[in-house]
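Quick note: the sequence shown uses my numbering, first residue 11, plus one each step. Ideal Cβ positions, reconstructed from N, Cα and C, are used throughout, including at glycine. Here the structure comes first, spelled out in structure tokens, and everything after it is commentary.
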Amino acid sequence: MLNIHNLSVSFQGDYLFEKITFQLTPGDRVGLVGKNGAGKSTLLRIIANEQEYDEGQIATDKEISIGFLKQDIDFTKGRTVLEESYEAFIEIKKLEKQLEEINIQLAERTDYESESYHQLMVDLNEIQHQYEIHGGYNYQGETERILQGLGFQREDFNKLTETFSGGWRMRIELAKLLLQNNDILLLDEPTNHLDIESILWLEDFLKNYAGVVVVVSHDKMFLDTITNRTIEISLGKIYDYNKPYSKYLIQRSELREQQLASQKNQQKKIEQTERLIEKFRAKASKATMAQSLIKKLDRIDRIEVDEDDNSVMSLHFPISINPGKVVIEAENVSKSYGEKKVLQHIDLLVERNSKISFVGQNGQGKSTLAKIIVGEIEHSGNLKLGHNVEIGYFAQDQTEYLDGSKTVLDTMIDAANEKNRSKVRDILGAFLFRGEEVEKYVRVLSGGERNRLALAKLLLQPFNVLVMDEPTNHLDIKSKNVLKEALKKFEGTLILVSHDRDFLQGLSNKVYEFKDHKIKEYLGDIDFFLEQRNIQNLREAEKRTVEVSETKQKETSGKQSYEHQKKIKSLTNKLSKIEASINKLEREIKAIDIELSINYDETIAIPNFFDDYQKKKTELEKLMEDWEAITIEIELAT
11 MLNIHNLSVS
21 FQGDYLFEKI
31 TFQLTPGDRV
41 GLVGKNGAGK
51 STLLRIIANE
61 QEYDEGQIAT
71 DKEISIGFLK
81 QDIDFTKGRT
91 VLEESYEAFI
101 EIKKLEKQLE
111 EINIQLAERT
121 DYESESYHQL
131 MVDLNEIQHQ
141 YEIHGGYNYQ
151 GETERILQGL
161 GFQREDFNKL
171 TETFSGGWRM
181 RIELAKLLLQ
191 NNDILLLDEP
201 TNHLDIESIL
211 WLEDFLKNYA
221 GVVVVVSHDK
231 MFLDTITNRT
241 IEISLGKIYD
251 YNKPYSKYLI
261 QRSELREQQL
271 ASQKNQQKKI
281 EQTERLIEKF
291 RAKASKATMA
301 QSLIKKLDRI
311 DRIEVDEDDN
321 SVMSLHFPIS
331 INPGKVVIEA
341 ENVSKSYGEK
351 KVLQHIDLLV
361 ERNSKISFVG
371 QNGQGKSTLA
381 KIIVGEIEHS
391 GNLKLGHNVE
401 IGYFAQDQTE
411 YLDGSKTVLD
421 TMIDAANEKN
431 RSKVRDILGA
441 FLFRGEEVEK
451 YVRVLSGGER
461 NRLALAKLLL
471 QPFNVLVMDE
481 PTNHLDIKSK
491 NVLKEALKKF
501 EGTLILVSHD
511 RDFLQGLSNK
521 VYEFKDHKIK
531 EYLGDIDFFL
541 EQRNIQNLRE
551 AEKRTVEVSE
561 TKQKETSGKQ
571 SYEHQKKIKS
581 LTNKLSKIEA
591 SINKLEREIK
601 AIDIELSINY
611 DETIAIPNFF
621 DDYQKKKTEL
631 EKLMEDWEAI
641 TIEIELAT
């Protein structure tokens with residue numbers, strides 16, 4: 011399907027990757043992994059034909075379609091969620107426009123017997139046929155199904171895309187890609203902005219996806235669920251195994267241990283041979299034997315051990331000054347966006363040196379409360395900071411907080427003050443921005459590199475309270491571990507918003523669960539919270555929140571009585587009969603349209619032809635109205 015041979019890409023004279031070769035074949039579900047900046051997003055852009063490469067060849071089968079979900083999304087303003095999603099159907103929209111133009115002409119013209127009118131009828135039939143083949147009668151319902159699967163509500167469909175956050179705009183772009191049925195689907199960090207239910211839905215969708223999937227992700231569980239192959243980019247090379255991520259790590263570790271053992275044994279033999287050569291060189295009678303051993307040594311194929319990129323950022327969060335005992339006090343805090351309530355009557359007291367985790371589904375108000383604490387959004391109720399409180403804030407979406415037109419170095423210099431401006435390059439070096447890398451523009455940085463830059467920038471301001479909203483998004487596994495160790499050593503007050511159980515373990519001593527506009531306190535760490543909920547991980551916790559909510563809704567709406575079930579069954583049967591009648595009439599009308607396009611004069615000569623034809627159309631319209639009414643009645647009843 012797609013072949014990559016000896017592909018090389020360099021940046022400012024250094025190879026990002028060199029002479030890499032692999033194939034994508036039908037059925038592949040590839041997890042593309044590696045450190046931040048290793049070249050994962052670059053490789054996806056090259057496959058998507060959005061970036062040039064220095065050397066090598068890329069060959070594909072004819073008419074292969076490729077869909078690419080990028081980290082940064084840019085929409086045309088003025089479109090609703092549905093309108094933007096419909097942009098996935100380029101061919102259908104084109105056919106719709108042609109159908110509209112023909113129908114306008116048919117409505118305006120009266121020269122029914124002219125050749126041009128006859129040709130319009132032929133064109134109409136052909137375009138309708140193409141429209142049906144391309145799924146024109148189904149695409150709107152399919153679009154709504156995909157959008158709802160990704161977390162949108164029906165009331166969101168007609169809202170403008172610019173009213174949504176970057177994460178929700180990414181979901182719209184993802185919906186467009188999933189609707190296109192591309193042969194190859196490239197996904198760059200698709201789970202970063204999804205809540206748990208949407209991740210689970212996406213997993214199910216991708217497991218049944220007919221084409222090839224290549225996904226860049228640092229979500230181990232997501233990779234293990236959907237992939238059957240792992241390609242790692244490390245130090246300019248690739249390591250390709252037909253295993254999901256966890257099994258790949260085990261296999262690569264075992265292979266490296268075997269390589270090390272074989273290399274060690276080989277080195278012993280080489281050293282023994284070298285000692286014999288030195289011994290025999292001194293004796294004329296053994297000179298021939300020495301030469302033979304030298305030739306043998308030259309012919310040895312030296313065993314190489316796969317290199318590991320162990321470079322990691324260096325991170326330490328110093329505390330500025332000691333604050334008062336109470337650092338945050340919130341009373342009766344509420345927040346709504348229009349008619350949508352997010353938080354309602356929240357009371358919160360945070361004492362000095364507390365380590366707190368905010369957990370729960372997306373949309374339940376975790377990020378909202380974090381932004382209220384740092385003074386970024388308005389709210390009702392009272393929230394005040396304690397004496398000498400200085401807050402450091404790491405926002406979830408760094409694309410909204412970093413200026414893409416600035417270089418890495420300029421970003422840091424502009425954020426620095428007179429005391430620490432001279433330390434900017436040292437700080438950047440500790441975060442793996444070295445040499446010419448500091449001259450990179452922020453807009454070309456990968457998601458992980460932006461997060462590292464945001465962390466580096468955070469160190470330029472004094473703080474004793476640290477609020478971090480999803481800090482592990484985009485970070486590779488090694489960077490996550492470094493960040494976790496730094497937070498363990500942080501002596502100030504910590505508030506963490508995260509879905510990542512592995513990351514949260516050992517970082518907090520108090521958990522607040524966000525649910526139904528309220529917060530619930532658990533006096534313990536994340537494991538204690540999970541134990542209290544009697545579940546295995548946060549993903550199950552969030553899933554159960556939805557299940558319990560749905561159960562309550564069903565209970566409050568009343569248990570369905572036998573009569574109620576009987577009514578729904580009756581409506582469903584009625585709906586099925588109407589749908590059958592609609593299908594029958596549509597086939598009859600289509601057959602008449604075809605007959606008109608082929609034998610127009612003979613067809614209209616049939617007695618009462620136009621009366622019967624119009625009667626069928628009127629009957630079809632009435633059935634469609636009945637179908638809509640019964641569908642709404644069923645939805646309300648269930």
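Residue range 390-395 is occupied by the beta strand (DSSP E) that includes residue 391.
Note: residue 198 is bridge-paired with 226 in the DSSP secondary-structure output.
A Cβ-Cβ contact shorter than 8 Å links residue 416 with residue 452.
The way I'd put it, the segment 249-260 does touch the segment 223-234; three or more beta-carbon pairs between them come closer than 8 Å. In the structure shown, residue 30 adopts extended strand secondary structure according to DSSP, grouped into three states.
Two segments are said to touch when three or more pairs of C-beta atoms, one from each, lie closer than 8 Å; by this definition the segment 493-503 does not touch the segment 519-533. Counting the other CB atoms within 10 Å of its CB gives residue 634 a total below 16, which places it among the exposed residues. Distance between residue 423 and residue 535, taken at the CA atoms: about 38 Å. The C-beta of residue 378 has 16 or more other C-beta atoms within 10 Å across all chains shown, which makes the residue buried. Exposure of residue 122 is indicated by the presence of fewer than 16 other C-beta atoms within 10 angstroms of its C-beta. Closest in C-alpha terms to residue 608, from the list 107, 127 and 87, comes 127. The C-beta separation of residue 77 from residue 187 comes to about 4 Å, placing the pair in contact by the 8 Å criterion. Within the segment 219-263, the complete alpha helix (DSSP H) runs of at least 4 residues fall at 230-236. Pairing residue 43 with residue 239 gives a Cβ-Cβ distance that is not under 8 Å. Your pair residue 193 and residue 222 checks out as a contact, with CB atoms roughly 7 Å apart and the cut at 8 Å.
For residue 104, the enclosing alpha helix (DSSP H) has its first and last residue at 100-118.
Across the set 458, 350 and 356, the C-alpha of 356 shows the shortest separation from the C-alpha of residue 343.
Within the DSSP secondary-structure output, residue 452 pairs in no beta bridge.
Closest in C-alpha terms to residue 34, from the list 27, 71, 24 and 49, comes 71. Residue 335: not part of any beta strand (DSSP E); DSSP gives it neither H nor E.
Assignment of residue 510 by DSSP, reduced to helix, strand and coil, places it in the coil class. Taking residue 439 as reference, the option from 290, 509, 419 and 99 with the minimal CA-CA separation is 419.
Residue pairing by DSSP places residue 531 opposite 522 in a beta bridge. Only residues of its own chain outside the window of five on either side were considered, and among them 361, 362 and 396 have a CB closer than 8 Å to the CB of residue 335, listed in chain order. Taking C-alpha positions only, residue 369 is separated from residue 190 by approximately 34 Å.
DSSP places residue 425 inside the alpha helix (DSSP H), whose first and last residues are 418-425.
The alpha-carbon of residue 529 is positioned some 57 Å away from that of residue 627.
The beta carbon of residue 13 sits closer than 6 Å to the beta carbons of 33 and 69 from its chain, once the five residues preceding and following it are set aside; these are given in chain order. Per the C-alpha coordinates, the member of 393, 208 and 119 positioned closest to residue 163 is 208. Beta-bridge analysis with DSSP links residue 15 to 67. DSSP places residue 299 in the uninterrupted alpha helix (DSSP H) bounded by 297-309. In this structure residue 49 touches residue 243 by the C-beta definition: roughly 5 Å separates them, less than 8 Å. The beta carbons of residue 400 and residue 474 sit about 5 Å from each other, so the pair counts as a contact at 8 Å. When DSSP states are grouped into helix, strand and coil, residue 363 belongs to the coil group. The three-state secondary structure of residue 147, taken from DSSP, is coil.
Separation of residue 537 and residue 341 (C-alpha to C-alpha, rounded to the nearest whole angstrom) is 28 Å.
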